[in-house]
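Q: Going by my numbering, the sequence shown opens with residue 349, and the numbers climb by one from there.
A virtual CB, placed ideally from N, CA and C, is assigned to each residue, including glycine.
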Amino acid sequence: MDIAALAQWTSALQALTPPQQRELTQQLASIPPITIAGKQASVLLAPLPLTPPAATQLAQAVYTLQDALVAIESHPSFLPGQVVYDRLYQSLSAQGKYLVDHAPPVSPRTMRRRFRRIDGFLPLGPHSPGPQFIEVNQSAPLAISFYERARQALAMTAAYIPAIQAAPAPSAPNTPGVADSPSLYAALASWFIDAAPGRSSLTVAVSMERGYLAKFVDLPTATAGIAQAARERGVELRFVLAQPPEFGYQSGRMTVRGHSFDVLWRNTVYLANYDVDIADYQAIRYSPAVVQQNDLRAWLLRSKELFALAWDDTVQATLTAMGVDVPALRRIMPPTYSLAAAQQLDWQHAHRRQDYIAKRCDDGFGQGLVFGHQCTASQWQALLAGSRGQDWVVQQLVPVAPVEVPLYTPGHGIHTQAVTLDCNPYTVGGTLAGVLARAMPAAQQTAGPQAMNIVAGAAIGAYTGVV
349 MDIAALAQWT SALQALTPPQ QRELTQQLAS IPPITIAGKQ ASVLLAPLPL TPPAATQLAQ
409 AVYTLQDALV AIESHPSFLP GQVVYDRLYQ SLSAQGKYLV DHAPPVSPRT MRRRFRRIDG
469 FLPLGPHSPG PQFIEVNQSA PLAISFYERA RQALAMTAAY IPAIQAAPAP SAPNTPGVAD
529 SPSLYAALAS WFIDAAPGRS SLTVAVSMER GYLAKFVDLP TATAGIAQAA RERGVELRFV
589 LAQPPEFGYQ SGRMTVRGHS FDVLWRNTVY LANYDVDIAD YQAIRYSPAV VQQNDLRAWL
649 LRSKELFALA WDDTVQATLT AMGVDVPALR RIMPPTYSLA AAQQLDWQHA HRRQDYIAKR
709 CDDGFGQGLV FGHQCTASQW QALLAGSRGQ DWVVQQLVPV APVEVPLYTP GHGIHTQAVT
769 LDCNPYTVGG TLAGVLARAM PAAQQTAGPQ AMNIVAGAAI GAYTGVV
């Protein structure tokens, strides 16, 4: 990341006159707040500018991981009874296994074109290893509108910063400017348009599920933004947001709230929160006849066991035969071990539990995480021995240095804070489509790292200079 450009931007923002700060604050207050479980997220007011070499390296890392996912899933040997398939399948919860068992088959093209968010870090040190990815969400990625709200806040702020800082460098006029970041709405509009080529209008049923509050915060705003981006391309996208009981499937006709639809955008998972009949919706999402974005088969390779497989020497030859570049994969993800492999590590001398995190393979939303620094030695050993189950992996933490950034917090205005940043690229239709940042206050991590999400106190930002 271009720390000098970030610092220059921050200094320019701090130099604004009090009337300019008040005016900017009023504009920022017009952005719909990001509120989850009563917690309002701050947004970054400075770009997180990637240098051109870093932007290229990040894109290459994203495509290395995406290529590996597609190579594994599309390989003819990726079947029950094969070690890679079986380890991924056995790492899932009972509900996750059910989803995979009932998933219609998908083509390699669909596998590559999935909407993904890859979570990771971009270490800032001069000799850092480059992007380090820690998990993949390819079942129902979120924070779409959060990313776009961060872009909106950045655009408002850029109007108050000298133009030379926000424009492309004169020596490289075709490179993105410091404040430029790709629109995720535009990429997702293309994703839906490409799902039914040649159509000038589409109705998309968006399924949402009780128990996942972030979806009800994110998706209404996101679908409005995607629809506007499609309209600018001359295509009318109509989104109908609904819960499972509002779907119908009679005599081959699929409906949502009584209306026919062309595409299902699945954002439901286990369907365990309903005591009413949702058989029609279940039949729709398990049907090969429906054009479905976020297909159910994606669940298999979202398992964190994927990362343990990449670091397991006993399956390296198998992965290589499937077309995976294992050394390249290991360069972009921290060492990760199954519990059986982790028990063989020397925790007395060579490895410190404080440098590791344990993760349940099939959990998400900040659940199923145990940091080594939160455990005593005996508690850590018990976890490795399976005290919480065998469906866990142990992953080395990625060290990230704090950096000062300006933030806007609803009700508190503009301020500067030391934070640690993560780095979460989105891919849409097989292409890198934007990079989300979450920023955790360094003051909250004095005892050690913690989960990075809005409920825990993370702010939202966007990386710029993405290629």
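Kindly indicate the opening and closing residues of the alpha helix (DSSP H) around I574.
A: L561 to R579
Q: I'd like to check one pair, D566 with I492: are the Cβ atoms closer than 7 angstroms?
A: yes
Q: N485 and R645 look like a contact to me (Cβ under 8 angstroms); what is the Cβ gap, rounded to whole Å?
A: The pair is not a contact, with the Cβ atoms about 15 angstroms apart (cut-off 8 angstroms).
Q: I'd like to know if the segment 667–680 and the segment 707–720 are in contact, where contact means that at least 3 CB-CB pairs between them fall below 8 angstroms.
A: no
Q: Among the candidates G777, Q408, M602 and H763, whose CA atom is the shortest distance from the CA of P754?
A: H763
Q: T537: which of Q641, V672 and A363 sits nearest, CA to CA?
A: Note on residue identity: the sequence assigns Ala, not Thr, to residue 537. Taking only the C-alpha atoms, the option nearest A537 is Q641.
Q: Between the alpha carbons of R435 and C771, how many angstroms are there, rounded?
A: 28 angstroms
Q: Could you tell me the alpha carbon to alpha carbon distance between Q369 and S359, rounded to whole angstroms?
A: 13 angstroms
Q: Which same chain residues, not among the five before or five after L376, have their C-beta less than 7 angstroms away from its C-beta?
A: A501, M504 and Y756
Q: On the DSSP bridge list, what partners appear for Q738?
A: Answer by DSSP bridge pairing: none, since Q738 is not bridged.
Q: Leaving out five residues on either side along the sequence, give the residues of the same chain with a beta carbon under 6 angstroms from the beta carbon of H423.
A: Excluding positions up to five away in sequence, the list reads M670.
Q: Out of curiosity, what's the CA-to-CA distance linking F655 and K563?
A: If you take the alpha carbons of F655 and K563, they lie about 27 angstroms apart.
Q: Three Cβ pairs or more, each shorter than 8 angstroms: is that satisfied between the segment 396–407 and the segment 772–787?
A: Contact between the segment 396–407 and the segment 772–787 is established, with three or more Cβ pairs separated by less than 8 angstroms.
Q: Which residue's Cα is closest to the Cα of V803: L372, P479, Y618 and G386?
A: G386
Q: Look up R708 in the DSSP assignment and say whether it is helix, strand or coil.
A: strand
Q: How is S538 classed by DSSP in three states: helix, strand or coil?
A: Reduced to three states, the DSSP call for S538 is helix.
Q: Go ahead and pull the three-state DSSP assignment for M602.
A: Strand.
Q: Quick one: complete beta strand (DSSP E) runs, 3+ long, within the segment 755–784?
A: DSSP assignment within the segment 755–784 yields the following whole beta strand (DSSP E) runs of 3 residues or more, N-terminal first: 761–769 and 772–776.
Q: Applying the 10 Å Cβ sphere with the 16-neighbour rule, what's the burial state of S555?
A: buried
Q: Just how far apart, CA to CA, sit R700 and W728?
A: The straight-line gap separating the alpha-carbon atoms of R700 and W728 is approximately 11 angstroms.
Q: Output needed for I626: all residues of its chain with C-beta closer than 8 angstroms, excluding positions within five of it in sequence on either side, in chain order.
A: Same-chain partners within the cutoff: P592, P593, F595 and L619.
Q: I think S548 touches E580, with their Cβ atoms under 8 angstroms apart; what is that distance to the nearest whole Å?
A: Actually they are not in contact, since the Cβ atoms of S548 and E580 sit about 14 angstroms apart, beyond 8 angstroms.
Q: Just list the residues that DSSP pairs N485 with in beta bridges.
A: R465
Q: According to DSSP, simplified to helix, strand and coil, what is V418?
A: Residue state, collapsed to three classes: helix.
Q: From A498, P568, F587 and A543, pick the residue whose C-alpha is nearest to that of S529; which is it?
A: A498
Q: Classify L589 as buried or exposed, calling it buried when 16 or more other Cβ atoms lie within 10 Å of its own Cβ.
A: buried
Q: Could you spell out where the alpha helix (DSSP H) holding S359 opens and where it closes?
A: I351 to Q362
Q: For D703, which residues from the same chain have a beta carbon less than 8 angstroms from its beta carbon, with the 5 sequence-adjacent residues on both sides left out?
A: G720, Q744 and L745
Q: Find out if the Cβ-Cβ distance for the pair Y433, L427 is shorter than 7 angstroms.
A: yes
Q: Please report the distance separating the alpha-carbon of G606 from that of L667.
A: So the two alpha carbons sit approximately 47 angstroms from each other.
Q: Compare the Cα-Cα distances from H697 to each of P682, F469, A725 and G734 and report the closest residue.
A: A725
Q: Based on the DSSP secondary-structure assignment, which residues constitute the bridge partners of Q641?
A: W613
Q: For W647, which residues of its own chain have a beta-carbon under 6 angstroms away from its beta-carbon, when the five flanking residues on both sides are left out?
A: G444, L447, V448 and S487
Q: DSSP puts A590 in a beta bridge; with which residues?
A: S555
Q: Does the distance from the CB of A766 to the CB of L392 come in under 7 angstroms?
A: no
Q: Return the first residue and the last residue of the beta strand (DSSP E) that G809 is part of.
A: A807 to T812
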